[in-house]
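S.K.: Below: one structure in structure tokens.
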Amino acid sequence: MKDKLKDFVTENRMDFDIYKEDYGALWDKIESGLDTNKKRRRFGLSTTYFKVAASVVLVLCIGFLYLKLKYSSTGFDQEVRLEQISSELAEADLYYGSLINEKIQLIQASKEDIDPDIFNDLNLLDEAYNELKEDLKDNADNEEVVSAMIQNYRIKLKLLETILEEIKENEEEKKNEQINI
Amino acid sequence: MQSGEQSIHKYLIQRSKLGDRDAQNELYKLYVDAMYNICRRMMGDAEEAKDILQDSFIDAFTKIDKLKNDITFSAWIKRIVVNNCINALKKKKLLTSSIEDSFDVPDVNEANDHELDNYEIKRVLGAIDKISEGCKVVLNLYLFEGYDHKEIGQILNISESASKAQYSKAKAKIRKVLNN
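Written out as structure tokens, the structure reads:
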């Protein structure tokens with residue numbers, strides 16, 4: 001079957017390369033790209049690789065601290081071990097603690113300006129939580145104390161979630177502004 | 001002359017493998033125009049074409065020690081450029097959907113081609129910019145880059161007949177754009 005378009009292109013192939021660019025400027029970029037590639041290989045670490053490694057180290061540290069907290073307890077230890085009092089409470093502590101850490105990390109990662117008052121509030125909540133923990137020493141089976149501790153966690157979580165939502169909204173707004181421009 | 005050119009070429013590649021920036025620049029100057037035009041036709045956009053061109057040459061010179069003697073640099077760089085274009089289009093999610101398009105190939109009646117006896121280069125390129133990504137890729141590879149349908153099938157991971165069908169479809173679209 002005859003293909004006139006193909007024949008036409010084949011006959012005039014070179015004339016189809018009509019597009020031009022500033023190839024000198026492009027070479028400069030390629031050259032600097034090649035230089036960074038070289039450096040990267042020399043150090044053997046890309047930034048993403050480094051980030052992954054850093055998160056692994058972080059997770060290991062948290063795990064280690066948790067295990068240390070869990071097993072270092074002796075009968076004479078002054079500090080309260082939650083799981084000695086109530087395994088349920090220990091579980092809740094771990095659960096909320098990790099949720100809160102995760103959210104704090106998210107907030108710190110977004111480079112938004114956060115009202116310092118919010119961090120003060122968080123610190124106050126931390127202090128209240130530690131006081132409750134002390135109370136537990138004396139009132140091991142005090143349900144009120146336990147529910148107050150959990151309530152404390154919930155408030156903290158709620159606060160962090162609100163902050164995250166605000167950050168998200170801010171980001172969306174920024175994006176929309178860019179589109180409008 | 002031919003062999004002289006070839007040995008200069010060989011020399012440039014050897015130097016480039018050793019990381020000689022000047023030799024790499026010479027190779028770049030030899031091929032950049034042809035490679036940019038591939039990117040530009042495939043992407044339909046100058047900025048995207050420049051980005052892909054840049055990445056492709058960086059890829060090529062970073063991996064040049066893997067270039068075997070039985071493959072020419074021109075075929076090799078072309079394949080890198082084509083692959084990078086296809087990957088970029090896939091990332092934009094334009095390619096898969098349009099290649100999976102139903103194969104309702106319009107009946108290509110070559111007899112109607114008489115209206116197009118006088119193809120004009122700029123008009124044809126303008127029309128290529130206007131057709132959908134899926135068939136544009138096949139059309140570009142077949143018309144300009146010298147791949148046959150079997151090779152295009154391998155590059156795009158589609159069947160040979162699907163490539164043929166996409167090409168016919170693309171040609172019909174080009175014809176339609178040119179007639180308007």
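Quick mapping for you: the protein sequence lines, in order, are chains A and B. FYI, full-length UniProt numbering numbers position 7 of the first sequence as 7, with every residue one higher than the one before it. FYI, full-length UniProt numbering numbers position 13 of the second sequence as 13, with every residue one higher than the one before it. C-beta atoms are modelled at their ideal positions from N, C-alpha and C, and glycine is treated no differently.
Hey, does Ile118 of chain A have any beta-carbon neighbour from chain B nearer than 8 Å?
M.R.: Closer than 8 Å: no.
S.K.: Please tell me whether Leu26 of chain A has its Cβ less than 8 Å away from any Cβ of chain B.
M.R.: Answer yes: the Cβ-Cβ gap between Leu26 of chain A and chain B drops below 8 Å somewhere.
S.K.: Locate the alpha helix (DSSP H) running through Asn25 of chain B, then write down its first and last residues.
M.R.: Unbroken alpha helix (DSSP H) run through Asn25 of chain B: Arg21 to Met43.
S.K.: Roughly how many angstroms lie between the CA atoms of Ala34 of chain B and Ile118 of chain A, to the nearest whole one?
M.R.: Taking the straight line from one Cα to the other gives about 59 Å.
S.K.: Looking at C-alpha atoms only, which residue of A:Leu122, A:Leu34 and A:Gly63 is the closest neighbour of residue 224 of chain A?
M.R.: With chain A represented from 1 up to 181, any question about residue 224 of chain A goes unanswered, as that position is not in the structure.
S.K.: Are the stretch 1-13 of chain A and the stretch 35-52 of chain B in contact at 8 Å, needing three or more beta carbon pairs?
M.R.: Output reads no: the stretch 35-52 of chain B does not touch the stretch 1-13 of chain A.
S.K.: Would you call Ser16 of chain B buried or exposed, if buried means 16 or more other Cβ atoms sit within 10 Å of its Cβ?
M.R.: Ser16 of chain B comes out buried.
S.K.: Contact between the stretch 25-34 of chain A and the stretch 48-61 of chain B: three or more CB pairs below 8 Å?
M.R.: The stretch 25-34 of chain A is in contact with the stretch 48-61 of chain B.
S.K.: Mind checking whether Glu21 of chain A and Arg21 of chain B have CB atoms under 8 Å apart?
M.R.: It is not a contact, given that the beta carbons lie outside the stated cut-off.
S.K.: State the Cα-Cα distance for the pair Leu18 of chain B and Asn37 of chain B, rounded to the nearest angstrom.
M.R.: Using only the alpha carbons, I get a separation of about 28 Å.
S.K.: Can you tell me whether Phe8 of chain A is helix, strand or coil according to DSSP?
M.R.: Note: Phe8 of chain A maps to helix in three-state DSSP.
S.K.: How would you label Gln154 of chain B, buried or exposed, when you count the other beta carbons within 10 angstroms and need 16 or more for buried?
M.R.: Label assigned to Gln154 of chain B: exposed.
S.K.: Report the neighbours of Phe73 of chain B on chain A: residues whose CB is nearer than 8 Å to its CB, in chain order.
M.R.: The premise fails here: Phe73 of chain B is roughly 15 Å from chain A at the closest Cβ pair, so nothing lies under 8 Å.
S.K.: Are any of the Cβ atoms in chain A nearer than 8 Å to that of Asn180 of chain B?
M.R.: It does not: the Cβ of Asn180 of chain B has no partner Cβ on chain A nearer than 8 Å.
S.K.: Any Cβ of chain B within less than 8 Å of the Cβ of Leu5 of chain A?
M.R.: Cβ-Cβ to chain B under 8 Å: yes for Leu5 of chain A.
S.K.: Count the other C-beta atoms from every protein chain shown that fall within 10 angstroms of the C-beta of Glu47 of chain B, then say buried if there are 16 or more, exposed otherwise.
M.R.: Glu47 of chain B is exposed by the Cβ-count criterion.
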